[in-house]
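This report refers to the structure that appears directly beneath it.
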Amino acid sequence: MKLNKTLTALAVSASFGLSGQAFAAGTVAGTDITNTVTLGYTVSSTAQTPVESASGFKVDQKVDMTFTSDTATADSVPGEVVTLAYTLTNTGNKATAYVLALTNNGNADHSPQAVTFYPTATDATNNTNAFANNKVPALAVDASRTVYAKTTITNNANIGNGDTIEMLATATALDPSDTDGSTLLAQNIAADKNANLTTEYVIFAEAASVNNLKYTGAITAQTDRNIVTAEFTDPADANAVPKLAIKIISDVVCDNGLTDANTNDYSQGGAQVGTCPDVAAANQAAYRPKAIPTSMAKFTYSAENTGAVTANAVVFSEQLPSEYAIDSLANATLAIDAATQTLTTVTDAPDAVNEVRYDDATGTITIYVGDVAKDEVITITFTAIVE
Numbered sequence: 000m001k002l003n004k005t006l007t008a009l010a011v012s013a014s015f016g017l018s019g020q021a022f023a024a025g026t027v028a029g030t031d032i033t034n035t036v037t038l039g040y041t042v043s044s045t046a047q048t049p050v051e052s053a054s055g056f057k058v059d060q061k062v063d064m065t066f067t068s069d070t071a072t073a074d075s076v077p078g079e080v081v082t083l084a085y086t087l088t089n090t091g092n093k094a095t096a097y098v099l100a101l102t103n104n105g106n107a108d109h110s111p112q113a114v115t116f117y118p119t120a121t122d123a124t125n126n127t128n129a130f131a132n133n134k135v136p137a138l139a140v141d142a143s144r145t146v147y148a149k150t151t152i153t154n155n156a157n158i159g160n161g162d163t164i165e166m167l168a169t170a171t172a173l174d175p176s177d178t179d180g181s182t183l184l185a186q187n188i189a190a191d192k193n194a195n196l197t198t199e200y201v202i203f204a205e206a207a208s209v210n211n212l213k214y215t216g217a218i219t220a221q222t223d224r225n226i227v228t229a230e231f232t233d234p235a236d237a238n239a240v241p242k243l244a245i246k247i248i249s250d251v252v253c254d255n256g257l258t259d260a261n262t263n264d265y266s267q268g269g270a271q272v273g274t275c276p277d278v279a280a281a282n283q284a285a286y287r288p289k290a291i292p293t294s295m296a297k298f299t300y301s302a303e304n305t306g307a308v309t310a311n312a313v314v315f316s317e318q319l320p321s322e323y324a325i326d327s328l329a330n331a332t333l334a335i336d337a338a339t340q341t342l343t344t345v346t347d348a349p350d351a352v353n354e355v356r357y358d359d360a361t362g363t364i365t366i367y368v369g370d371v372a373k374d375e376v377i378t379i380t381f382t383a384i385v386e
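Counting from 0, one number per residue, gives the positions in the sequence shown under numbering that gives the first Met the number 0.
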């Protein structure tokens with residue numbers, strides 16, 4: 000007699016074995032997920048031993064984060080020390096440490112200087128507890144941290160009043176083995192997960208940010224500063240640099256005994272030339288001083304501060320070419336907004352307002368002007384004699 004081994008019922012069920020904890024960012028990396036299926040059945044109404052099968056995989060690390068600038072665009076003068084705030088959030092599924100950097104955004108003229116990162120604004124103010132190697136310790140899943148970059152604004156000569164500089168902060172994920180902020184996390188893009196389900200791989204999943212591509216393990220945030228500075232231009236043309244004007248005011252034909260103390264100006268002709276003692280009366284109506292040896296030249300320099308802030312510690316200097324008598328510098332004047340200043344002659348480097356030095360050894364004149372406020376015009380004159 001044959002035994003009827005009819006499969007009268009088939010039941011299949013699945014169960015999951017989970018370790019770890021669920022977060023908003025998803026299942027924690029390294030969690031083992033086990034799937035178990037059970038095949039239950041009967042033979043001729045007799046229950047048979049269920050057949051079970053289990054299989055699983057380890058959850059991979061999803062590297063994801065957000066990074067935002069908390070500092071609004073503001074005005075800065077070149078060389079100003081500022082503190083910039085940023086918020087970093089770990090939206091991945093494993094605690095991760097990061098290394099921070101603050102650079103230019105593709106324009107080297109914008110490069111910030113002397114950058115240091117701090118954990119609090121107070122630390123930044125007091126220069127205490129800076130992040131060693133700019134490394135932010137491991138940030139838990141779903142945790143956020145505000146960091147503070149203290150830096151000196153660029154004072155590059157190519158940056159002028161009204162320019163906007165762009166500074167780029169970057170947070171880059173670090174390998175768990177890192178000790179000094181230099182070992183970056185690498186993703187396993189070539190690994191075949193299905194060939195090794197029990198290995199925890201790393202995958203970058205962060206979004207693109209500023210000029211940084213997505214899926215690089217780094218994220219960026221930009222902070223802009225509008226440069227405000229003093230800027231000297233020609234009072235007659237705000238788009239031109241100040242000009243040094245020269246005119247010949249006297250010569251030995253006009254003043255036979257010409258010295259550096261001479262203050263006569265015959266350059267306008269007419270009645271002025273009529274008072275020139277050494278020009279024959281018949282020539283006085285037409286004669287003008289000429290640039291001949293021992294003639295006196297008068298220099299006039301005018302500059303307007305068309306920038307947005309006061310120019311501090313303004314110093315004017317001129318060194319005569321060798322074609323002038325280097326010991327003939329004299330008659331300096333300074334006016335600020337047409338108000339004549341009283342100059343004091345000194346023998347050492349001028350370091351107080353309205354001091355002037357004539358250096359006969361080098362043929363150099365130096366005037367300490369001091370502060371020049373926005374929209375103020377300075378006018379400086381002096382004389383020298385041609386060899």
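Here a beta-carbon is modelled for each residue, glycine too, at the ideal position from N, C-alpha and C.
- Here Gly159 is exposed. Its C-beta has fewer than 16 other C-beta atoms within 10 Å.
- Put simply, the stretch 84–98 touches the stretch 57–70. At least three CB pairs are less than 8 angstroms apart.
- If you draw a straight line from the Cα of Tyr367 to the Cα of Asp141, it comes to about 59 angstroms.
- DSSP places Asp69 in the coil class of the three-state scheme, outside both helix and strand.
- Runs of alpha helix (DSSP H) with 4 or more residues, each lying fully within the stretch 169–256, are absent.
- Residue range 120–125 is occupied by the alpha helix (DSSP H) that includes Asn125.
- The Cβ atoms of Ser208 and Ala190 lie no closer than 8 angstroms to each other.
- Residue burial annotation: Ala296 is buried, with at least 16 other C-beta atoms found within 10 angstroms of its C-beta.
- At a Cβ-Cβ threshold of 8 angstroms, Asp59 and Glu165 do not count as neighbours.
- Beta bridge pairing from DSSP links Lys149 with Thr82, Thr115.
- Under the three-state reduction of DSSP, Asp326 is assigned to helix.
- With contacts defined by Cβ atoms closer than 8 angstroms, Ala331 and Val355 form a contacting pair.
- Taking the Cα positions, Ile377 is about 15 angstroms away from Ala239.
- Ala217 and Ile188 have their alpha carbons spaced roughly 16 angstroms apart.
- Straight-line spacing of the CA atoms in Ile245 and Val81 works out to 44 angstroms.
- A residue is called buried when at least 16 other Cβ atoms come within 10 angstroms of its Cβ; Pro349 meets this threshold and is buried.
- The straight-line gap separating the alpha-carbon atoms of Asp326 and Gly362 is approximately 6 angstroms.
- Under the three-state reduction of DSSP output, Asn89 falls in the strand class.
- Secondary structure at Asn132: helix, using DSSP grouped into helix, strand and coil.
- Linking Val135 to Val98 through their CA atoms gives a straight-line distance of about 6 angstroms.
- The Cβ atoms of Asp31 and Lys61 do not sit closer than 8 angstroms to each other.
- Ala338 carries a strand assignment under DSSP once its states are collapsed to helix, strand and coil.
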